[in-house]
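Shown next, in structure tokens, is the structure this report addresses.
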Amino acid sequence: MNAIELNAITYRRKAFELNDISFRVPQGFVTGFIGSNGVGKTTIIRMIMDLIEPENGEILIFNETMKDNAVDIKNKIGFIYSDLYLNDKWTIKKAESYIAPFYSHWNHALFLDYLEKFNLPYKRKIKTFSTGMKMKLSIAIAFS
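This is the structure we're talking about:
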């Protein structure tokens with residue numbers, strides 16, 4: 102089964118255009134989008150997450166559309182932005198207390214395991230973290 106399928110997606114806004122975009126991501130793979138600025142990476146992610154709609158085409162997540170089953174689908178997905186959008190005055194502990202309720206299957210033990218593997222301090226303020234530590238935190242959140 103494919104985790105993500107884009108079939109003939111078209112999206113247009115002013116001077117920006119995506120035409121006939123199709124690809125598949127098999128289930129169980131970690132996938133990243135790499136490309137020049139302005140080529141549509143963020144736009145595609147926003148369409149996958151149902152934040153914006155394509156003009157044409159179909160997006161399937163685990164063989165379903167977000168419109169049909171958004172809550173269950175989003176419970177199965179972890180994704181990472183290029184920046185960590187959390188209050189930098191929070192500790193990881195506080196951030197987890199805000200993030201975990203959004204997921205019906207949040208795995209606290211797995212989260213702590215990733216923090217240990219990545220050597221991230223649970224009770225230290227995020228503002229003291231390096232860029233790499235913030236990316237590791239994003240990964241821990243996505244996988245938990």
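With positions in the sequence shown counted from 1, the corresponding number in the numbering used here is that position plus 101. Positions of the beta carbon are idealized from the N, C-alpha and C atoms, including for glycine.
To which residues of the same chain is residue i closer than 6 Å at the C-beta, ignoring the five residues directly before and after it?
i           : result
residue 128 : 102 and 104
residue 123 : 107, 108 and 109
residue 142 : 134 and 136
residue 205 : 176
Taking only beta-carbon atoms, is residue i less than 7 Å away from chain C?
i           : result
residue 229 : Of the protein chains in this structure there is only one, and it is not chain C.
Taking DSSP as the reference, what is the three-state secondary structure of residue i?
i           : result
residue 237 : helix
residue 224 : coil
Straight-line CA distance for residue i to residue j?
i           : j           : result
residue 120 : residue 225 : 45 Å
residue 172 : residue 181 : 18 Å
residue 113 : residue 159 : 15 Å
residue 201 : residue 211 : 12 Å
Residue i: which of the options sits nearest, CA to CA?
i           : options               : result
residue 179 : 116, 130, 232 and 118 : 130
residue 207 : 244, 192, 193 and 234 : 244
residue 117 : 139, 192, 215 and 191 : 139
Which runs of the alpha helix (DSSP H) fall wholly inside the stretch 113 to 198 and span at least 4 residues, in chain order?
Complete alpha helix (DSSP H) runs here, min 4: 142 to 149 and 167 to 176.
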